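Written below as structure tokens is the structure these notes are about.
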Amino acid sequence: MIPTTPSDDPLDDESAALLDGLRRALRRAGWTQANLAEEIGVGTATIKRWLHGRGLGFTTLARLTALAGTSLAELAQDGRRNARDRNHLTLAQEEALTQDASLSTIFILIVNGWPPSEAVEAFHIPSDVVENAIIKLERLALIDRLSGGRIRARLDPTYSWQRAPMRQHFERNLKQLFFSLDYGDPDTIFGSEMVKLSPIGIARIRDRIEQLRGELRAISREDQRNAALPGEWFAVLAVARSLKPLI
């Protein structure tokens, strides 16, 4: 069965990494939620809330860290190391993703915090295809299965898809989406600008496109939390090309 549980209330990346490190340190030290509850004198539901960052004060965080046999500095360092690991794909992993459009779609949904069921509901990918894709993604070491049927990607949403496999995947499967747009339609969203740029300016454009991706993710998260109307999926392409061949 495809998990449908939505993501937990999102924390900023640094806090989420710190809590993830704390949970792993506690498990390594042999602590269970029941043991922690007995040790501290609270209910297991309270422990569960704390370990997901809800109602967790600094004093309690320090006590849990001490019980785990580590320190906040070590947890922060561990979190930064894991964040670096989550922003890397091997060439083989990227090639495997781009051999199947459904697989890459499902993975990108998971990377961005959506449950796999979104692939069925929004993209009409058959549920058995989604289930097989989850198994394949797990074998490729691209996702982790969590408690409650949740699934987490082992890749940061900020990953820059710039290598050959994803570029070729875009060429085969996505480019026509933008070529077929009716740019005369008032509902088509686009912006265009003609500028003269040095190599330094071009590098700044690359950085700004990556910044735009982050802003789009933030808008999407806020919209998911607050919007009253149903959502619709959009593909957003930011691209710059030289006009030299046309001049």
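Using this note's numbering, the first residue of the sequence shown is number 111, and each one after it goes up by one. Just so it is clear, CB atoms sit at the ideal spot from N, CA and C, and this is done for glycine as well. Quick caveat: nothing in here was measured; it's all calculated off a predicted structure.
Query                                                                                                          : Result
Residues bridged to residue 188 [DSSP beta-bridge criterion]                                                   : Note: residue 188 sits in no beta bridge, so no partner.
Buried versus exposed call for residue 304 [16 or more other C-beta atoms within 10 Å across all chains shown] : exposed
Burial state of residue 217, where buried means 16 or more other Cβ atoms lie within 10 Å                      : buried
As assigned by DSSP and simplified to three states, the class of residue 262                                   : strand
Beta-bridge pairing of residue 297 - partner residues as DSSP gives them                                       : Bridge partners of residue 297: none, in fact.
Stretch pair the stretch 219-237 + the stretch 255-273: three plus CB contacts closer than 8 angstroms         : yes
Buried versus exposed, by CB contacts within 10 Å (16 or more), residue 146                                    : buried
Cα-Cα separation, residue 168 to residue 155                                                                   : 19 angstroms
7 angstroms Cβ shell around residue 243 - same chain, five flanking residues per side excluded                 : 212, 213, 216
Near the ligand ATP: residue 173 beta-carbon under 7 angstroms from a heavy atom                               : Looking for the ligand ATP in the displayed structure turns up nothing, as the structure carries no ligands at all.
Buried versus exposed call for residue 131 [16 or more other C-beta atoms within 10 Å across all chains shown] : buried
C-beta atoms of residue 292 and residue 197 nearer than 8 angstroms                                            : no
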